[in-house]
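The sequence shown begins at 0 in numbering that gives the first Met the number 0 and counts up one residue at a time.
Read the structure below first, then the notes.
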Amino acid sequence: MSDHDHDHHHDHEHQHGDGDEHGHRHYDTPGSRRARSALEVRAMALEAALVEKGVVKSDAIDAFTDALEHRFGPHHGARVVARAWTDPDFKQRLLDDGNAACAELGVAGVEGNIRVVENTDEVHNLVVCTLCSCYPWPLLGLPPIWYKSFPYRARAVAEPRTVLSEFGVEVADHVRVRVWDSSSEMRYFVLPARPDGTDDLSEEELAALIDRNSMIGTALVTAP
Numbered sequence: 000m001s002d003h004d005h006d007h008h009h010d011h012e013h014q015h016g017d018g019d020e021h022g023h024r025h026y027d028t029p030g031s032r033r034a035r036s037a038l039e040v041r042a043m044a045l046e047a048a049l050v051e052k053g054v055v056k057s058d059a060i061d062a063f064t065d066a067l068e069h070r071f072g073p074h075h076g077a078r079v080v081a082r083a084w085t086d087p088d089f090k091q092r093l094l095d096d097g098n099a100a101c102a103e104l105g106v107a108g109v110e111g112n113i114r115v116v117e118n119t120d121e122v123h124n125l126v127v128c129t130l131c132s133c134y135p136w137p138l139l140g141l142p143p144i145w146y147k148s149f150p151y152r153a154r155a156v157a158e159p160r161t162v163l164s165e166f167g168v169e170v171a172d173h174v175r176v177r178v179w180d181s182s183s184e185m186r187y188f189v190l191p192a193r194p195d196g197t198d199d200l201s202e203e204e205l206a207a208l209i210d211r212n213s214m215i216g217t218a219l220v221t222a223p
C-alpha cells in the first residue's frame, strides 16, 4: 500500500451550461432543473471567472471535458479487466507492470504509475486518495464527486467495511479488506473478481458488465 506522501494534484469535474455569443455560460438555476451542490456551484463560479478574465476559453474547457469523457473513461478500464479475465498471460503482465500492459491495449497517458490490485476470495481491495483526488483518469474517466469528498477520503481508511456496506458491498468476515492510498506518483486500479456463470461470454460481453465503481472497489461485478 502506498504511503501518504502526496503532491496536491487536484482533479476537477466541470458542469457546463450553454454559452452565449461572448463565451459566457448560462447555468441552470435551482428551479430550472435541479439544485446544484456547493461543489458544483464553486466550480461554475471559478470557470466563469477564468473565462471572464481571458485566462481560459470555454471551448478549451469543453474540449478537455470531452477528452476525459470519451477518449478516456471507464470503458477503457473495462477492456483491460475483460482482457485480464480471458488472457492469463496478459493478466500476469498487468499485475507486474500496469502501465505497460495498459499500453498494449492502446490506453496510454496514465498519470503516474499504475499498480493493479486483484480481488480474490481472500482479499477485497478499496482505492482512495486521502489528501486529494489522485485517480487513473485514462482508465476510469472523471472521478465521481463522492471519491473527492472528505467523508469518503476519511472513512474509507477508518471504517472500510462500513463504507463498502453503504455502497451495497457486503464483505465476508474471512475476507481481508485492503485500502490503497493513491498519490500523484502511484495510482491504484482494482482488478475485480470475475463473476461465476460468465464462462461463455465474449471479451466484449464481459467488458459490458464492468463499471467504474468495481474498478475502485466500491462495487462487485455480477453476472447478467
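Even glycine gets a Cβ: it sits at the ideal position worked out from N, Cα and C.
Can you name the residues that DSSP bridges to phenylalanine 188?
Val115
Taking one C-beta from the stretch 95-107 and one from the stretch 166-176 each time, how about it: are there three or more such pairs within less than 8 Å?
no
Helix, strand or coil: how does DSSP classify arginine 193 here?
coil
Quick check: arginine 177 and valine 220, are their CB atoms within less than 7 Å of each other?
No, these two residues do not count as a Cβ contact at 7 Å.
So, at 8 Å on beta carbons, what are the nonlocal neighbours of arginine 175 in its own chain, with the 5 sequence-adjacent residues on each side left out?
Glu121, Val122 and His123
Within the stretch 74-160, ranges of the alpha helix (DSSP H) (whole runs, at least 4 residues):
87-95, 97-103, 136-139, 144-147 and 149-157
Using CA atoms only, rank isn't needed, just tell me which of Ala42, Asp198, Glu184 and Leu208 is closest to proline 191.
Out of Ala42, Asp198, Glu184 and Leu208, Leu208 has the C-alpha closest to the C-alpha of proline 191.
Tell me the rounded alpha-carbon separation between tryptophan 179 and aspartate 195.
Near 26 Å, if we compare the C-alpha coordinates of aspartate 195 and tryptophan 179.
Decide if alanine 206 is buried, meaning its Cβ has at least 16 other Cβ atoms within 10 Å, or exposed.
buried
Secondary structure at aspartate 198, three-state DSSP: helix, strand or coil?
coil
In whole angstroms, give me the CA-to-CA distance for leucine 94 and asparagine 118.
12 Å
Three-way DSSP call (helix, strand, coil) for alanine 206 in this model
Helix, per DSSP.
Please state if the CB of leucine 125 and the CB of glycine 53 are separated by a distance shorter than 7 Å.
no
Note the first and the last residue of the continuous beta strand (DSSP E) segment covering valine 55.
Per DSSP, valine 55 belongs to no beta strand (DSSP E) and is neither H nor E.
Residues of its chain near tyrosine 151, where Cβ-Cβ distance is below 6 Å and the 5 sequence neighbours each way are ignored
Trp145
For alanine 218, which residues in the same chain have their Cβ closer than 7 Å to its Cβ, ignoring the five residues on either side in sequence?
Phe166, Val168, Asp210 and Asn212
Taking arginine 193 as the reference, give the member of Leu49, Ala77, Gly72 and Glu39 with the closest Cα.
Ala77
I need the straight-line Cα distance from methionine 43 to phenylalanine 89, nearest angstrom please.
Cα to Cα, methionine 43 sits roughly 42 Å from phenylalanine 89.
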